[in-house]
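Residue numbers (my numbering): 16 to 101.
For every residue, glycine included, the Cβ atom is placed at its ideal position computed from N, Cα and C.
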Amino acid sequence: MIAGPFETQRQAIDTARVVIDSPLGSWDAASQRLLEDACAAAGVQLAGYDRQIVAWMSTWEPWVVVVICGLISRAHQAGKASSEGG
16 MIAGPFETQR
26 QAIDTARVVI
36 DSPLGSWDAA
46 SQRLLEDACA
56 AAGVQLAGYD
66 RQIVAWMSTW
76 EPWVVVVICG
86 LISRAHQAGK
96 ASSEGG
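Now the structure itself:
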């Protein structure tokens with residue numbers, strides 16, 4: 016699970032090493048898996064157009080993708096904490 020928060024781009028790049036260090040040409044597939052896994056872990060159901068947008072976002076720089084994954088994860092955790100405490 017990618018969480019953050021990220022104070023700097025360097026932190027995001029370091030976290031994105033899992034994608035950056037993958038074989039050339041596989042960044043998009045690795046980024047798409049990260050996004051889909053983040054959504055699944057947060058209980059987000061993806062439909063057809065959602066998957067198209069996830070595929071498009073997976074073409075972005077991997078450090079941008081990990082920040083998006085972190086936002087999804089942190090939003091899910093915040094929602095859980097809010098419902099448990101409220």
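- The beta carbons of Glu-51 and Val-69 sit about 6 Å from each other, so the pair counts as a contact at 8 Å.
- No Cβ-Cβ contact shorter than 8 Å links Gly-100 with Ala-18.
- In the DSSP assignment, Ala-53 falls within the alpha helix (DSSP H) that extends over 42–56.
- Taken atom to atom, the span from the alpha-carbon of Leu-39 to that of Ala-45 is near 11 Å.
- Taking C-beta atoms as the reference points, Ala-53 and Ile-87 count as a pair closer than 8 Å.
- For Ile-28, the three-state secondary structure derived from DSSP is helix.
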